[in-house]
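Colleague: The structure that follows is given in the form of structure tokens.
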Amino acid sequence: MPAESVAENLQFIINHEFNKNRPCSTHLGPSLTVEKITEIMGPVTTNVDVGIHEDILELYTTTDGIQMDGSQLALKEIWLLPGYYLMSLEEAVDVYKIMLESAEDDGQYWDKLWFPFLSSGAGDFYFIDMASGTVNEFMRGEDIDEEAEYETMADFLQQAVQHFADEDFYMDEEGQLSEK
0 MPAESVAENL QFIINHEFNK NRPCSTHLGP SLTVEKITEI MGPVTTNVDV
50 GIHEDILELY TTTDGIQMDG SQLALKEIWL LPGYYLMSLE EAVDVYKIML
100 ESAEDDGQYW DKLWFPFLSS GAGDFYFIDM ASGTVNEFMR GEDIDEEAEY
150 ETMADFLQQA VQHFADEDFY MDEEGQLSEK
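Counting along the sequence shown from 1, when you hit position 158 you're at 157 in numbering that gives the first Met the number 0, and nothing is skipped either side.
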């Protein structure tokens, strides 16, 4: 059942995926130290007036996201949640930089406080606002809802855990993680 912390909820999801023999559970990287997270996020933190949000620290001290290591898995095989995989911290930092640059070029808005952590692989992301800690979804070509979907990353993951518990997230006949 849902827990209060980012780490506990994430661990529930990882264990659920492991028990279902999903490839994403065996391609998650090891936890990172706070020092390593601080080092990797250097290009981000120099761009904003806030430090690394505690939820980002808790997320990446639990796991460093999907590590492909040359594997030829399909995107749907690495989804941690339907349609989205957990990016490694290095990939998330790269995406952050790309989104800032491309937002200026294509006219779509990307705030420098938004840090992506889940990716669809097709330009859609879930991000955390590094100042407020709220979580929202960014869909390429669509306006961002002014009101955050979730007050915290723990709330976001609690909702996902509840969807797994209620079997709203399930494996379809093709072995793909789906949503009712």
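Idealized CB from N, CA, C, for every residue including glycine.
Based on the DSSP output, what are the partners of D128 in its beta bridges?
Modeller: On the sequence shown, residue 128 is found 129 positions in, with the first residue counted as 1. According to DSSP, D128 bridges with W113.
Colleague: Can you say whether R21 is buried or exposed, counting buried as having 16 or more other CB atoms within 10 angstroms of its CB?
Modeller: Taking the first residue of the sequence shown as position 1, residue 21 is located at position 22. The residue is buried, with at least 16 neighbouring Cβ atoms inside 10 Å.
Colleague: Any idea what DSSP makes of Y169, helix, strand or coil?
Modeller: Counting from 1 along the sequence shown, the entry for residue 169 is found at position 170. DSSP places Y169 in strand when its eight states are reduced to three.
Colleague: Thinking V134 and F155 are a contact (beta carbons under 8 Å), I'd like their distance in whole angstroms, please.
Modeller: The sequence position of residue 134 within the sequence shown is 135, counting from 1. The sequence position of residue 155 within the sequence shown is 156, counting from 1. V134 to F155, Cβ: 4 Å. Contact.
Colleague: Quick check on the burial criterion: 16 or more other C-beta atoms within 10 angstroms. Buried or exposed for D63?
Modeller: Counting from 1 along the sequence shown, the entry for residue 63 is found at position 64. It counts as buried.
Colleague: Relative to the C-alpha of D165, which residue among E172, K179, M152 is closest?
Modeller: By 1-based counting over the sequence shown, the position of residue 165 is 166. Nearest C-alpha to D165: K179.
Colleague: According to the Cβ coordinates, are Q10 and T61 closer than 8 Å?
Modeller: Walking along the sequence shown from the start, residue 10 turns up at place 11. Walking along the sequence shown from the start, residue 61 turns up at place 62. Yes.
Colleague: Measuring alpha carbon to alpha carbon, tell me which of A102, K111, L58, N8 ends up nearest G122.
Modeller: The residue you call residue 122 lines up with position 123 of the sequence shown. Residue A102 is the option with its Cα nearest to G122.
Colleague: Which same chain residues, not among the five before or five after L27, have their C-beta less than 6 Å away from its C-beta?
Modeller: Position 28 of the sequence shown, counted from the start, is the residue given in the question as residue 27. Within the same chain, L27 has close Cβ partners T62.
Colleague: Assuming M129 and V33 make a contact with CB atoms under 8 Å, what is their CB distance in whole Å?
Modeller: Here residue 129 refers to the residue found at position 130 of the sequence shown. Here residue 33 refers to the residue found at position 34 of the sequence shown. Their Cβ separation, rounded to whole angstroms, is 16 Å, which puts M129 and V33 out of contact at 8 Å.
Colleague: Look at the alpha carbon of F124 and the alpha carbon of D68, and state the distance between them as a whole number of angstroms.
Modeller: One-based indexing of the sequence shown puts residue 124 at position 125. One-based indexing of the sequence shown puts residue 68 at position 69. Each residue's Cα considered, the two are about 22 Å apart.
Colleague: Output yes or no for whether 8 Å exceeds the beta carbon distance between A91 and F116.
Modeller: Residue mapping note: residue 91 aligns to position 92 of the sequence shown, counting from 1. Residue mapping note: residue 116 aligns to position 117 of the sequence shown, counting from 1. The answer is yes: Cβ separation under 8 Å.
Colleague: Can you give me the start and stop residues for the alpha helix (DSSP H) that L74 sits inside?
Modeller: Within the sequence shown, residue 74 is the residue found at index 75, counting from 1. First-last of the alpha helix (DSSP H) with L74: 74-77.
Colleague: What is the DSSP secondary structure of I12, counted as helix, strand or coil?
Modeller: Taking the sequence shown and counting its residues from 1, the one referred to as residue 12 is at position 13. DSSP places I12 in helix when its eight states are reduced to three.
Colleague: Cα separation between G50 and S87?
Modeller: For the purposes of this step, residue 50 is taken as the residue at position 51 of the sequence shown. For the purposes of this step, residue 87 is taken as the residue at position 88 of the sequence shown. Between G50 and S87, the C-alpha separation is close to 19 Å.
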